[in-house]
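Engineer: Before I ask anything, here is the structure I am working with.
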Amino acid sequence: MTDALIRVEELTLGWGKHVLLSHVTFEVERGDVFVILGGSGCGKSTLLRHLIGLEEPMAGTISIGSTGVPELEGAAPEFGVMFQSGALFSSMTVGENVGFALQEWTDLPSEAINAIVKAKLALVGLEGSEDKLPAELSGGMKKRAAIARAMAFEPNLLFLDEPSAGLDPVSAAELDELIIALNRGLGLTVVMVTHELESIFKVGKHCIMLDKESKGIIAAGDPRELKETSKDPKVHQFFHREARVR
Amino acid sequence: MTRADADSPGLDALTVFGDRISRVAGYLPEFTWTVSALPEGVRVELGGQITIEEAPALWKRVSELLEQLGGQTRVQIDNSRVEVIDGACMALLVHLRSELKARRVHCEFTGGSPAVRRIVDLYGGRRRPKKRRIRRPKNAVEQVGQATVEMFGETVAILDFLGQLVVATWNAFRHPSRINIRDAALTMERAGADAVPIVLLINFLIGFVMAYQSAVQLHAFGADIYVADLVGVSMTRELGPLMTAIIVCGRTGAAFAAELGTMKVAEEVDALRTLGFMPLQHLVMPRMLGLVLVAPFLTLLADAIGIAGGLVVAATVLNLSPSAYWVELTSAVKGWDVWSGTLKSMVFAAAIGMIACQQGLATSGGAEGVGRRTTSAVVSILFTLILLDAVFTLVFGALGL
Chain P
2 MTDALIRVEE LTLGWGKHVL LSHVTFEVER GDVFVILGGS GCGKSTLLRH LIGLEEPMAG
62 TISIGSTGVP ELEGAAPEFG VMFQSGALFS SMTVGENVGF ALQEWTDLPS EAINAIVKAK
122 LALVGLEGSE DKLPAELSGG MKKRAAIARA MAFEPNLLFL DEPSAGLDPV SAAELDELII
182 ALNRGLGLTV VMVTHELESI FKVGKHCIML DKESKGIIAA GDPRELKETS KDPKVHQFFH
242 REARVR
Chain U
235 MTRADADSPG LDALTVFGDR ISRVAGYLPE FTWTVSALPE GVRVELGGQI TIEEAPALWK
295 RVSELLEQLG GQTRVQIDNS RVEVIDGACM ALLVHLRSEL KARRVHCEFT GGSPAVRRIV
355 DLYGGRRRPK KRRIRRPKNA VEQVGQATVE MFGETVAILD FLGQLVVATW NAFRHPSRIN
415 IRDAALTMER AGADAVPIVL LINFLIGFVM AYQSAVQLHA FGADIYVADL VGVSMTRELG
475 PLMTAIIVCG RTGAAFAAEL GTMKVAEEVD ALRTLGFMPL QHLVMPRMLG LVLVAPFLTL
535 LADAIGIAGG LVVAATVLNL SPSAYWVELT SAVKGWDVWS GTLKSMVFAA AIGMIACQQG
595 LATSGGAEGV GRRTTSAVVS ILFTLILLDA VFTLVFGALG L
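For the record, the sequence lines run as chains P and U.
Just so you know, we're using this note's numbering here: the first sequence kicks off at 2 and counts up by one.
Just so you know, we're using this note's numbering here: the second sequence kicks off at 235 and counts up by one.
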């Protein structure tokens with residue numbers, strides 16, 4: 002029996018009558034860095050939105066821990082989420098962004114919240130950025146700040162949507178290092194969507210690859226092993242960066 | 235006339251001279267396009283420099299060829315004499331090939347220097363053209379039907395939103411500490427205090443114009459003094475609340491829709507939900523609360539300044555004394571006239587806040603989506619305001635108020 006934190010069974014999702022993914026089943030173990038792979042438009046981010054609970058599936062079940070997907074609204078967050086663009090609240094400072102949920106869901110005095118905010122920002126390498134507005138941050142810094150906000154409630158599960166997309170190689174590598182540090186240092190389970198090969202091999206322990214045509218999972222396992230052993234032409238193309246023959 | 239035609243025998247000096255002038259003036263293309271017959275088809279021999287400047291002339295040739303093709307089943311485009319061809323012109327030739335494919339005419343590119351062949355390859359000139367999906371234009375009945383279905387969908391969405399709002403309001407009453415007072419106060423400042431100058435200006439002019447227009451009619455009957463009744467009752471019962479609501483719609487309703495729409499497309503609303511916040515309680519209710527609280531004060535200001543606008547006309551055009559105007563006004567305008575106007579203004583404010591926020595939160599599709607939803611919000615609000623005003627008039631009339 003595996004120590005699964007997330008169980009997805011026979012999940013079918015889409016919008017209207019359009020089915021994007023059909024009968025998808027997989028598990029994410031505690032302490033894993035689980036990567037959802039696939040080409041553009043295959044449903045990676047949509048699957049992530051279902052795991053988070055932002056969308057209702059057409060069929061199938063998702064369970065996190067011993068229950069289903071926890072209710073998002075009306076209670077303190079049970080997991081952290083970093084969106085593709087960072088999605089920092091533009092009208093608030095970085096510090097206010099990180100401390101926002103703490104103010105709402107705890108009785109901590111503002112001094113204590115400020116101390117936590119400083120520590121969280123230091124954790125992601127953004128010391129002294131409390132009073133900056135999101136517009137003053139670079140793309141990489143925004144994503145780090147978003148991770149700090151997602152970490153505010155000490156979650157044991159972190160969802161990341163395309164963390165290194167749009168970043169320069171150095172910023173992307175730094176973000177990968179941060180994810181590894183959070184996983185190893187805090188035992189955090191990470192579920193991330195990406196198609197950045199370097200990140201996948203550096204960070205990912207397990208992965209699933211989604212396919213647009215078959216509307217399902219075409220490969221699952223250790224990404225490094227899949228690269229070497231998979232006979233599936235689509236998996237081979239993806240991991241070896243081969244262009245599709247037109 | 236093309237250069238290929240100009241090279242043909244029998245050309246006189248005048249033609250050459252004319253061609254040069256035409257070429258300098260940009261009337262003649264710098265490329266050649268020679269059409270000759272092939273068994274069951276035609277051969278188009280291209281030559282010269284085919285660049286973006288020549289695209290209009292090339293497009294004309296392509297269109298002519300498509301029009302003139304009869305029963306041919308094959309078109310060969312020979313690039314042997316092409317010196318240079320750029321992507322734009324290659325795209326036009328690839329379009330020609332696709333059009334021919336749709337007519338079941340085989341088309342192929344032949345010849346050309348390595349550089350020309352690379353462009354042909356890059357633009358898919360040697361790939362099999364994909365079968366085009368033909369989009370049938372919708373007729374008027376279909377468009378009306380689709381618009382009706384969409385309108386029904388929008389109405390359902392607004393009613394759904396209203397239902398969620400009722401639940402959120404009930405939750406807010408149970409946990410008042412969770413109401414986002416900061417945003418409510420900010421809304422009161424932006425929608426209320428900041429709107430005072432424009433509300434004063436517009437309503438002064440409304441009162442002024444209404445009094446001026448009626449002064450001429452009333453003077454003819456020697457009923458000058460009734461300008462105070464007309465302006466007073468109209469401003470307090472109808473125009474004060476309605477004009478204020480229209481200004482609030484344009485200033486604040488549009489701002490709410492754009493602000494929430496931008497938050498939606500930037501995933502800020504989703505981020506809010508993942509932190510445990512309810513968008514309705516955190517974003518919508520404070521905005522609606524701020525608007526509902528501030529609207530009566532704006533309306534009372536509008537009433538007062540509109541009446542003052544009427545007074546200016548009464549004093550200057552009709553030579554009425556301010557005291558006579560005031561005495562007539564107070565005898566005509568009852569307390570209910572003023573309170574019914576403020577009651578209306580609160581309902582109008584709630585409608586503005588609700589529709590603007592609903593449209594904002596329904597935004598999808600980036601910047602274009604934000605613009606579309608903002609426009610939609612303003613139009614829907616204006617329609618709703620007029621509808622609500624008509625309902626109020628009928629209900630108050632039926633109740634004898």
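A virtual CB, placed ideally from N, CA and C, is assigned to each residue, including glycine.
Flag this pair as touching only if the segment 213–231 of chain P and the segment 46–58 of chain P have three or more C-beta atom pairs under 8 Å; answer yes or no.
Structural biologist: no
Engineer: Cutting at 8 Å between CB atoms, please list the residues of its own chain near D169/P, excluding the five before and the five after it.
Structural biologist: Taken in chain order, the residues that qualify are G141.
Engineer: For C43/P, which three-state DSSP category applies?
Structural biologist: Per DSSP, reduced to three states, the secondary structure at C43/P is coil, with no helix or strand assignment.
Engineer: For the beta strand (DSSP E) containing E388/U, list its first residue and its last residue.
Structural biologist: Unbroken run through E388/U is the alpha helix (DSSP H), A374 to R408; no beta strand (DSSP E).
Engineer: Just verifying my parser: in three-state terms, what is the DSSP assignment at M59/P?
Structural biologist: coil
Engineer: Listed in chain order, which residues of the segment 102–134 of chain P have Cβ atoms closer than 8 Å to some Cβ of chain C?
Structural biologist: In the structure shown, chain C does not exist; the protein chains are P and U.
Engineer: Tell me which same chain residues have a C-beta within less than 7 Å of the C-beta of D162/P, skipping the five on either side of it?
Structural biologist: S46, L49, M83, F84, Q85 and V194
Engineer: Which first and last residues belong to the beta strand (DSSP E) in which E10/P is found?
Structural biologist: A5 to W16
Engineer: Which stretch, first to last residue, makes up the alpha helix (DSSP H) that contains I284/U?
Structural biologist: Note, I284/U: premise wrong, no alpha helix (DSSP H); beta strand (DSSP E) at G275 to I284.
Engineer: Leaving out the 5 sequence neighbours to the left and right, which residues in its chain are closer than 8 Å to V430/U when beta-carbon positions are compared?
Structural biologist: L532 and L535
Engineer: Should K578/U be labelled buried (16 or more other beta-carbon atoms within 10 Å of its own) or exposed?
Structural biologist: buried
Engineer: Could one say the Cβ of A76/P lies closer than 8 Å to chain U's Cβ atoms, at least one of them?
Structural biologist: Yes, its Cβ sits closer than 8 Å to a Cβ of chain U.
Engineer: May I ask you to verify whether the segment 143–162 of chain P touches the segment 92–112 of chain P, counting CB pairs closer than 8 Å and requiring at least 3?
Structural biologist: yes
Engineer: As an exercise, report each continuous alpha helix (DSSP H) stretch of at least 4 residues that is fully enclosed by the segment 305–355 of chain U, in chain order.
Structural biologist: The qualifying runs are 321–336.
Engineer: Could you check the C-alpha separation between M497/U and E178/P for me, to the nearest Å?
Structural biologist: 30 Å
Engineer: Per DSSP, which residues does T268/U bridge with? Please list them.
Structural biologist: E279/U
Engineer: Closer than 9 Å, Cβ to any Cβ of chain U: which residues of the segment 41–70 of chain P, in chain order?
Structural biologist: R50, I53, G54 and L55
Engineer: Between which two residues does the alpha helix (DSSP H) harbouring A289/U extend?
Structural biologist: A289 to Q302
Engineer: Less than 8 Å between the C-beta atoms of W267/U and V278/U, yes or no?
Structural biologist: yes
Engineer: Can you say whether S297/U is buried or exposed, counting buried as having 16 or more other CB atoms within 10 angstroms of its CB?
Structural biologist: exposed
Engineer: Sort S468/U, V546/U and T618/U by Cα distance to S574/U and report the nearest one.
Structural biologist: S468/U
Engineer: Roughly how many angstroms separate the alpha carbons of F386/U and K213/P, rounded to a whole number?
Structural biologist: A straight-line Cα-Cα distance of about 33 Å links F386/U and K213/P.
Engineer: From this set, R315/U, D623/U, A289/U and V269/U, which residue's C-alpha is nearest E472/U's C-alpha?
Structural biologist: D623/U
Engineer: Report back the beta-carbon spacing between T190/P and N157/P to the nearest angstrom; my notes put them in contact at under 8 Å.
Structural biologist: 6 Å
Engineer: By how many angstroms is the C-alpha of D571/U removed from the C-alpha of L633/U?
Structural biologist: Near 14 Å, if we compare the C-alpha coordinates of D571/U and L633/U.
Engineer: Here's the rule: buried if 16 or more other CB atoms are within 10 angstroms of the residue's CB, otherwise exposed. What is E274/U?
Structural biologist: exposed
Engineer: Which residues does DSSP pair with T550/U in a beta bridge?
Structural biologist: Partner(s): none; T550/U has no beta bridge.
Engineer: Just curious, the beta strand (DSSP E) that G222/P is in, first and last residue?
Structural biologist: G217 to G222
Engineer: Just tell me which of A120/P, L159/P, T94/P and E243/P has its CA closest to the CA of N184/P.
Structural biologist: L159/P
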